[in-house]
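**Q** Before anything else, here's the structure in question.
Chains as they are written, first to last, in this note's numbering: chain A, 111 to 600; chain B, 8 to 64.
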């Protein structure tokens, strides 16, 4: 019997674990280690953040689902990996620390034959002074929609702001990224337009000043260097569409901005031209930068080999080309295909947990040397597809032997469908429905835009909202492993 | 002098940034929430997405 240990129970980890359990059956063991007791459909957190959904609508308990799937579940966080075992055994193991109420703080080791690191990110609030509380958690000046609990808190603050406006007190909303190296601009983009939509519904839009602050060098970059779409016989940049939406909704923007410090009611920033400034706010939702969760790695002698297994940002090294090179020399082939760790072949990383070879957007620095550019998105559909490919590879390695062919899922060869909400409502909601193909542009294959414009498109409307709303129920249905779950694509 | 107030053009005057982009007119905005048209777009977008999803697995 072989044992697969999956670290993390988000989109990538849950996909890996559930498919591996299905394909391996009861002859082998699948173990999931995740600090959370609930699964969260994160894309709907923005609706929790404006009070249109509850925490219960976007989460469910993991334990009964894993029991149904025959998966061993530990509510714990991984602390370290010993891929060579220790003095008295060659068997690799992970050390975990329980987070469940009954065992909180207790540590345990779990041996493994194969390990998939799908921990997702650490929300690195403390990277920006004032954005965090100094202890790794969100600070008191801003809100977030990164977790369901954060979104619930954000919705309370949002309701308070609406009440103030109803009493005649003008409010300034500042939404965007809380650091120069953030990703996930899409979530902030959705949140600012859902707020705008809700303010209109509440009849207080004229009492609100709204501003977007982002590390993108142009609106519509989204960490992917933007995208080009065929519209009305033209091929046009996402910049034009993003700017159009902001202008239509009366939302001002500040781009190329590194949020350097947050205080009560005020953000300090540095721009790409090196200038600095301040922006005041009454309500701010700033996405934190992501980092690896801080896993350590040790060799058989107990020596720290974290630098061998993980990149400096804490994400796990995989089969990518990490050779530093200038932007002009970046290739689609730099991106990983199998997500296997190059040093320890029985370790893989999936989703946000793998270290990308470089960013996707053009790298930018202020004259002061401050990097201000979005980091690559690895969430949603790519996370699920990578998780499934990794599960396939591990299952083949277990059942066919260590020379089995590894399955591939390069982000430079896969597309992604993305639906960005711009307001919730069955008849008055809107969302931008987009596809990109491939996610990572391939300028050798598509010299103009880097992508196939036959399969890269986007449009905004009620249809997009219907799709996003249906996907909410569809993916929660799938994640609960209800009948036919394998038929629903990632 | 009489002023011709066109709703969709109001935001152009709010800032230079707004003035240099495109803002949808009344018809384009109405079509975004027209249930019949959006049902057709729903079918079209789903087909497009299924093709991209199919190419990615």
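Beta carbons: idealized from backbone N, C-alpha and C, even for Gly.
Quick check on the burial criterion: 16 or more other C-beta atoms within 10 angstroms. Buried or exposed for residue 537 of chain A?
**A** Along the first chain, read from residue 1 onward, the residue named residue 537 of chain A stands at position 427. Burial call: exposed.
**Q** Leaving out the 5 sequence neighbours to the left and right, which residues in its chain are closer than 6 Å to residue 475 of chain A when beta-carbon positions are compared?
**A** Start at 1 with the first residue of the first chain, and residue 475 of chain A comes out as number 365. Excluding positions up to five away in sequence, the list reads 481.
**Q** Which residues of chain B have a Cβ atom closer than 9 Å to the Cβ of residue 576 of chain A, listed in chain order?
**A** Position 466 of the first chain, counting from 1, holds the residue named residue 576 of chain A. Chain B residues near residue 576 of chain A: 45, 46 and 49.
**Q** For residue 562 of chain A and residue 58 of chain B, what's the separation of their Cα atoms in angstroms?
**A** Counting from one through the first chain, the residue named residue 562 of chain A turns up at place 452. Counting from one through the second chain, the residue named residue 58 of chain B turns up at place 51. Going by the C-alpha atoms only, they are around 13 Å apart.
**Q** For residue 67 of chain B and residue 327 of chain A, I'd like the C-alpha separation in whole angstroms.
**A** Since the displayed chain B opens at 8 and closes at 64, residue 67 of chain B lies outside it and no answer follows.
**Q** Residue range of the alpha helix (DSSP H) that residue 113 of chain A falls in?
**A** Locating residue 113 of chain A in the first chain gives position 3, counting from the first residue. First-last for residue 113 of chain A: 113–117, but that is the beta strand (DSSP E), not the alpha helix (DSSP H).
**Q** Counting only C-beta atoms, is residue 233 of chain A closer than 8 Å to chain B at any point?
**A** In the first chain, residue 233 of chain A corresponds to position 123, counting from 1. Answer no: the Cβ-Cβ gap between residue 233 of chain A and chain B never drops below 8 Å.
**Q** Does any residue of chain A bring its CB to less than 8 Å from the CB of residue 55 of chain B?
**A** Residue mapping note: residue 55 of chain B aligns to position 48 of the second chain, counting from 1. For residue 55 of chain B, the answer is yes, since a Cβ of chain A falls inside 8 Å of its Cβ.
**Q** Look up residue 133 of chain A in the DSSP assignment and say whether it is helix, strand or coil.
**A** Taking the first chain and counting its residues from 1, one reaches residue 133 of chain A at position 23. Note: residue 133 of chain A maps to helix in three-state DSSP.
**Q** Could you compute how far the alpha carbon of residue 116 of chain A sits from the alpha carbon of residue 573 of chain A?
**A** By one-based count along the first chain, residue 116 of chain A stands at place 6. By one-based count along the first chain, residue 573 of chain A stands at place 463. Going from the Cα of residue 116 of chain A to the Cα of residue 573 of chain A covers about 37 Å.
**Q** In terms of DSSP beta bridges, what is residue 379 of chain A paired with?
**A** Against the first chain, residue 379 of chain A aligns to sequence position 269. According to DSSP, which records beta bridges pairwise, residue 379 of chain A is partnered with A/369 and A/387.
**Q** Which residues in chain A have a C-beta closer than 7 Å to the C-beta of residue 25 of chain B? List them in chain order.
**A** As a first step, residue 25 of chain B must be located in the second chain, where it is residue number 18. Under the 7 Å cutoff, chain A gives 357.
**Q** On a Cα-Cα basis, can you pick out the residue from A/398, A/438, A/279 and A/387 that is closest to residue 316 of chain A?
**A** Translated into positions along the first chain, residue 316 of chain A becomes position 206. The residue with the shortest Cα to Cα distance from residue 316 of chain A is A/279.
**Q** Along the chain, where does the alpha helix (DSSP H) containing residue 13 of chain B start, and where does it finish?
**A** Residue numbering aside, residue 13 of chain B sits at position 6 when the second chain is read from its first letter. Looking at the DSSP string, residue 13 of chain B is not in any alpha helix (DSSP H), and its letter there is neither H nor E.
**Q** Could you name the residues of chain B that residue 565 of chain A contacts, counting a contact when the two beta carbons are closer than 9 Å?
**A** Counting from one through the first chain, the residue named residue 565 of chain A turns up at place 455. Result: 55, 58, 59 and 62.
**Q** Does the stretch 364–382 of chain A come into contact with the stretch 157–177 of chain A, if we say contact requires no fewer than three beta-carbon pairs (one atom in each stretch) closer than 8 Å?
**A** Too few Cβ pairs lie closer than 8 Å, so no.
**Q** Please report the distance separating the alpha-carbon of residue 262 of chain A from that of residue 527 of chain A.
**A** Start at 1 with the first residue of the first chain, and residue 262 of chain A comes out as number 152. Start at 1 with the first residue of the first chain, and residue 527 of chain A comes out as number 417. Cα to Cα, the separation comes out at about 27 Å.
**Q** Compute the Euclidean distance between the alpha carbons of residue 18 of chain B and residue 530 of chain A, then round it to the nearest angstrom.
**A** Working through the second chain from its first residue, we reach residue 18 of chain B at position 11. Working through the first chain from its first residue, we reach residue 530 of chain A at position 420. Roughly 23 Å between the two C-alpha positions.
**Q** To which residues of the same chain is residue 302 of chain A closer than 7 Å at the C-beta, ignoring the five residues directly before and after it?
**A** In the first chain, counting from the first residue as 1, residue 302 of chain A sits at position 192. Cβ neighbours of residue 302 of chain A beyond the five flanking positions: 285, 320, 322 and 361.
**Q** Which residues in the same chain as residue 179 of chain A place their Cβ atom closer than 7 Å to its Cβ, once the five residues preceding and following it in sequence are excluded?
**A** For the purposes of this step, residue 179 of chain A is taken as the residue at position 69 of the first chain. Same-chain partners within the cutoff: 128, 131 and 591.
**Q** Out of A/292, A/160 and A/419, which one is the CA nearest neighbour of residue 396 of chain A?
**A** By one-based count along the first chain, residue 396 of chain A stands at place 286. Closest option to residue 396 of chain A, Cα to Cα, is A/292.
**Q** Cβ of residue 570 of chain A within 8 Å of Cβ of residue 542 of chain A?
**A** Here the question's residue 570 of chain A lines up with position 460 in the first chain. Here the question's residue 542 of chain A lines up with position 432 in the first chain. Yes; because the gap between Cβ atoms is below 8 Å, this pair is in contact.
**Q** Measuring CB to CB, does residue 450 of chain A end up less than 8 Å from residue 431 of chain A?
**A** Numbered from its first residue, the first chain carries residue 450 of chain A at position 340. Numbered from its first residue, the first chain carries residue 431 of chain A at position 321. No, the Cβ-Cβ distance between residue 450 of chain A and residue 431 of chain A is not below 8 Å.
**Q** Quick one: give me the first and last residue of the beta strand (DSSP E) that residue 576 of chain A is part of.
**A** On the first chain, residue 576 of chain A is found 466 positions in, with the first residue counted as 1. Looking at the DSSP string, residue 576 of chain A is not in any beta strand (DSSP E); the run it does join, the alpha helix (DSSP H), is 572–589.
**Q** What residues from the stretch 261–277 of chain A come within 9 Å of chain B, judged by C-beta to C-beta, listed N to C?
**A** Listed in sequence order: no entries.
**Q** Can you give the beta carbon distance from residue 248 of chain A to residue 318 of chain A, rounded, assuming they're within the 8 Å contact cut?
**A** Residue numbering aside, residue 248 of chain A sits at position 138 when the first chain is read from its first letter. Residue numbering aside, residue 318 of chain A sits at position 208 when the first chain is read from its first letter. Between residue 318 of chain A and residue 248 of chain A the Cβ distance is about 23 Å, and since that is not below 8 Å, they are no contact.
**Q** So residue 495 of chain A packs on residue 22 of chain B, CB below 8 Å; how close in whole Å?
**A** Counted from its first residue, the first chain places residue 495 of chain A at position 385. Counted from its first residue, the second chain places residue 22 of chain B at position 15. With 8 Å as the limit, residue 495 of chain A and residue 22 of chain B do not qualify as a contact, their Cβ atoms being about 41 Å apart.
**Q** What separation, rounded to the nearest whole angstrom, lies between the Cα atoms of residue 256 of chain A and residue 407 of chain A?
**A** Taking the first residue of the first chain as 1, we reach residue 256 of chain A at position 146. Taking the first residue of the first chain as 1, we reach residue 407 of chain A at position 297. Going from the Cα of residue 256 of chain A to the Cα of residue 407 of chain A covers about 27 Å.
**Q** Are three or more beta carbon pairs between the stretch 184–192 of chain A and the stretch 209–217 of chain A nearer than 8 Å?
**A** Touching, per the Cβ criterion.
**Q** Is there a Cβ of chain B sitting closer than 8 Å to that of residue 572 of chain A, yes or no?
**A** One-based indexing of the first chain puts residue 572 of chain A at position 462. Judged by the 8 Å Cβ criterion, residue 572 of chain A is in contact with chain B.
**Q** Measure from the C-beta of residue 524 of chain A to each C-beta in chain B and report whether the shortest distance is under 8 Å.
**A** Translated into the one-based positions of the first chain, residue 524 of chain A becomes position 414. Closer than 8 Å: yes.
**Q** Would you mind reading off the limits of the beta strand (DSSP E) that contains residue 203 of chain A?
**A** Within the first chain, the letter at position 93 stands for residue 203 of chain A. Looking at the DSSP string, the run of the beta strand (DSSP E) that includes residue 203 of chain A is 203–208.
**Q** Could you tell me the alpha carbon to alpha carbon distance between residue 455 of chain A and residue 227 of chain A, rounded to whole angstroms?
**A** In the first chain, the residue the question calls residue 455 of chain A occupies position 345. In the first chain, the residue the question calls residue 227 of chain A occupies position 117. In a straight line, the C-alpha of residue 455 of chain A is about 13 Å away from that of residue 227 of chain A.
**Q** Give the residues of chain A in contact with residue 66 of chain B, contact being defined as C-beta atoms less than 7 Å apart.
**A** The requested residue 66 of chain B is not part of the displayed model; chain B covers only 8 to 64.
**Q** Mind listing which residues of the stretch 546–558 of chain A have their C-beta closer than 9 Å to chain B's C-betas, in chain order?
**A** Those would be 546, 547, 548 and 549, in chain order.
**Q** Which two residues bound the contiguous alpha helix (DSSP H) that contains residue 495 of chain A?
**A** By 1-based counting over the first chain, the position of residue 495 of chain A is 385. Segment 490–510, the alpha helix (DSSP H) holding residue 495 of chain A.
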